[in-house]
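Below is one structure; the comments refer to it alone.
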Amino acid sequence: MNVDSTTLEQQINHLASQCVRCGLCLTVCPTYQINRVEAESPRGRIQLLAAVAKSELSVDVSLKQHITQCLSCRQCETVCPTNVPYEQLLIHGRTLLQQKNSKKAHLPFIMTIMTAHAYWRRWLFGAYRACSKLGLLTLSHRLGLLRLFKLKRLLRYLPRNIAPTFINAAPYYAQAKRGSVLLLTGCSSAVLEPHTLRDAVRLLTAWGYDVIIPKEQGCCGALHAHAGFNAKAQALAAKNTALFQAQPQKLNAIIQVTTGCASTWQTYTHLPAPIVDIQQFLLDQWPSDLALKSLTLSVAVHSPCSQRNGMGSGTLSMTLLSKIPQIHLIGFGDTTCCGAAGDYFLKQPQLSDQLGQQTINTIAAATITEVVSANIGCRLQLAKQWADQGIDTLHFCHPISLLARAV
Ligand code: SF4
Ligand code: SF4
Numbered sequence: 099m100n101v102d103s104t105t106l107e108q109q110i111n112h113l114a115s116q117c118v119r120c121g122l123c124l125t126v127c128p129t130y131q132i133n134r135v136e137a138e139s140p141r142g143r144i145q146l147l148a149a150v151a152k153s154e155l156s157v158d159v160s161l162k163q164h165i166t167q168c169l170s171c172r173q174c175e176t177v178c179p180t181n182v183p184y185e186q187l188l189i190h191g192r193t194l195l196q197q198k199n200s201k202k203a204h205l206p207f208i209m210t211i212m213t214a215h216a217y218w219r220r221w222l223f224g225a226y227r228a229c230s231k232l233g234l235l236t237l238s239h240r241l242g243l244l245r246l247f248k249l250k251r252l253l254r255y256l257p258r259n260i261a262p263t264f265i266n267a268a269p270y271y272a273q274a275k276r277g278s279v280l281l282l283t284g285c286s287s288a289v290l291e292p293h294t295l296r297d298a299v300r301l302l303t304a305w306g307y308d309v310i311i312p313k314e315q316g317c318c319g320a321l322h323a324h325a326g327f328n329a330k331a332q333a334l335a336a337k338n339t340a341l342f343q344a345q346p347q348k349l350n351a352i353i354q355v356t357t358g359c360a361s362t363w364q365t366y367t368h369l370p371a372p373i374v375d376i377q378q379f380l381l382d383q384w385p386s387d388l389a390l391k392s393l394t395l396s397v398a399v400h401s402p403c404s405q406r407n408g409m410g411s412g413t414l415s416m417t418l419l420s421k422i423p424q425i426h427l428i429g430f431g432d433t434t435c436c437g438a439a440g441d442y443f444l445k446q447p448q449l450s451d452q453l454g455q456q457t458i459n460t461i462a463a464a465t466i467t468e469v470v471s472a473n474i475g476c477r478l479q480l481a482k483q484w485a486d487q488g489i490d491t492l493h494f495c496h497p498i499s500l501l502a503r504a505v
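Residue numbers for the sequence shown follow our numbering, so the first one is 99 and each next one is one higher.
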């Protein structure tokens, strides 16, 4: 996220010069595989951004579309022989396009609220629950209001029953204390899945760690950075860093439960403790005397791009859940993106749906009862894609929620 605006063009040219144009990345890029156009490939996008940085190309609608249609999945980075830091290049490139573009892009309205202060998220989902209970959503749908306010697609992603309570910011204490951790609640998880956060607290305290949840923690800035709003992303990073540094407790780790935010948290500097994914933390700190209950379940384990390519630990959920006796695990989604990709599912509905359907087609729903994914965006996307196929009997959760059932 550290972009010096005075040298943005130079930074893009420097990063782009590392590409030797071998084309290996074309074989794994989801958008190239669908569109079969060079400009929809990593190599093509790198050349486009380099040309803009050298002022050889102006920013037009078609160029913007090719750059916007990138999922930021980083699949290309996994095969690149010269290790082009594609994500970094993309973030710089989108920032440059924002600077050069007279018509400024913006986050979808709903994402602006979601990533704003927690108060607005709570207000929004309080209103959503009330409208849902009073039947106003159905009425709005009939009157065409959802289409008018571009909410129709979003509502198909939201869980039918959103719990009326949020996780309390109060500290949670372990009985036999080994240390303290700070828990990142995430913008979406905080309002859509407080039960996942409660499972996180339950496991972390059972593992011997006090859990601190700073009430004022904000969005990590991932959506802003990936959309080219780097100044906003940096402001969010500065605010969170100052807040975490002010915590009086000595922290062993800062725990994230949403892998989609991982690569952005990793760019933070001067944090008082390392950012650690909760699955990794639970594995690393596994209590020697812990005996898990058996779960005779058949579970499809999704591997989010953010975990696979961003954190470099695609098998983490599998490793964690394989500790549960009698559980049957089937891996899927480990070669491509499911199409959720931050706010991509709202901005690029057709590509998003196509990728989502491709992902769920790789496993047979008849053989499973549960689907787990460590990224909330992927969970919502997979649930929506299965519902579109008429399969709404599956249960979707974070891998730690399954583990919490066995503890
Ligand atoms: S694999 Fe790497 S070096 Fe080869 S074309 Fe793609 S980005 Fe360039
Ligand atoms: S990040 Fe994903 S969609 Fe974008 S160029 Fe790389 S492989 Fe293609």
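Where a beta carbon is used, it is the ideal one built from N, C-alpha and C, also for glycine.
Flag this pair as yes or no: are the beta carbons of residue i and residue j separated by less than 7 Å?
i, j, result
"residue 489", "residue 472", "no"
"residue 115", "residue 127", "no"
"residue 283", "residue 301", "no"
"residue 272", "residue 306", "yes"
"residue 370", "residue 332", "no"
"residue 211", "residue 222", "yes"
"residue 479", "residue 443", "yes"
"residue 289", "residue 270", "no"
"residue 440", "residue 280", "no"
"residue 372", "residue 351", "yes"
"residue 168", "residue 143", "yes"
"residue 450", "residue 424", "no"
"residue 476", "residue 400", "yes"
"residue 427", "residue 397", "yes"
"residue 459", "residue 172", "no"
"residue 390", "residue 504", "yes"
With which residues is residue i paired in a DSSP beta bridge?
i, result
"residue 308", "278"
"residue 429", "399"
"residue 375", "354"
"residue 270", "309"
For residue i, tell me which candidate among the options has the shortest Cα-Cα distance.
i, options, result
"residue 434", "117, 355, 105, 130", "130"
"residue 494", "487, 486, 467", "467"
"residue 152", "198, 346, 172", "198"
"residue 354", "332, 330, 310, 393", "310"
"residue 337", "351, 500, 318, 443", "318"
"residue 264", "256, 194, 286", "286"
"residue 325", "189, 119, 358, 111", "189"
"residue 220", "196, 274, 291, 447", "291"
"residue 227", "253, 438, 476", "253"
"residue 166", "157, 148, 192", "192"
"residue 182", "460, 448, 385, 113", "113"
"residue 474", "461, 485, 496, 453", "496"
"residue 431", "415, 347, 420, 446", "415"
"residue 356", "349, 378, 278", "378"
For residue i, does the three-state DSSP call read helix, strand or coil?
i, result
"residue 493", "strand"
"residue 468", "strand"
"residue 405", "helix"
"residue 351", "strand"
"residue 366", "coil"
"residue 502", "helix"
"residue 177", "coil"
"residue 141", "helix"
"residue 443", "helix"
"residue 123", "helix"
"residue 128", "helix"
"residue 103", "Unreliable placement is indicated for residue 103, whose pLDDT of 47 sits below 50; the coordinate value is still reported in the next sentence. Note: residue 103 maps to helix in three-state DSSP."
"residue 168", "coil"
"residue 192", "helix"
"residue 199", "coil"
"residue 292", "helix"
"residue 413", "coil"
Verify the CB distance criterion: does residue i have a CB-CB separation below 7 Å to chain B?
i, result
"residue 125", "No chain B appears in the structure shown, which is made up of a single protein chain."
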